[in-house]
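In my numbering, the protein residues as written are 2 to 109.
All C-beta atoms, glycine included, are put in the ideal place defined by N, C-alpha and C.
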């Protein structure tokens with residue numbers, strides 16, 4: 002089963018909240034959580050329950066898909082690469098990093 006990249010979801014929640022011109026305090030009040038909890042989700046990869054996710058998307062007037070499966074054109078290529086890189090095992094990350102370094106060295 003594919004790992005859920007919480008850092009990406011936290012960034013999407015933050016962007017959606019800011020687009021809605023809502024503070025962390027306001028979102029927290031709407032879902033029954035503290036502003037510190039919202040901050041931890043957005044910036045510290047804090048895990049959360051499905052119930053909390055549903056409360057967040059309802060408060061922000063979004064679909065769950067908009068948070069978990071955003072439109073590809075919203076993200077920069079660098080964001081996509083970073084997300085994919087984070088899903089790799091540590092070993093595979095090291096292999097990819099070594100290959101990138103070798104490609105950069107060869108092109109200079």
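The region 20-34 in contact with the region 53-68 per 3-pair CB rule at 8 Å: yes
Burial state of residue 37 (16 or more Cβ within 10 Å): Indexing the chain shown from 1 puts residue 37 at position 36. Exposed is the call here.
Meets three-Cβ-pair contact criterion under 8 Å: the region 42-56 and the region 88-102: No: fewer than three Cβ pairs fall under 8 Å.
DSSP-derived helix/strand/coil call for residue 105: Numbered from 1 along the chain shown, position 104 holds the residue referred to as residue 105. Looking at residue 105 - three-state DSSP - the assignment turns out to be helix.
Selected residue, minimal CA-CA separation from residue 29, among 68, 9, 51 and 57: Counting from one through the chain shown, the residue named residue 29 turns up at place 28. Looking at the Cα atoms, 57 is the closest of the given residues.
Residue 10 beta carbon less than 8 Å from that of residue 110: Because the chain here runs from 2 to 109, residue 110 falls outside it and cannot be looked at.
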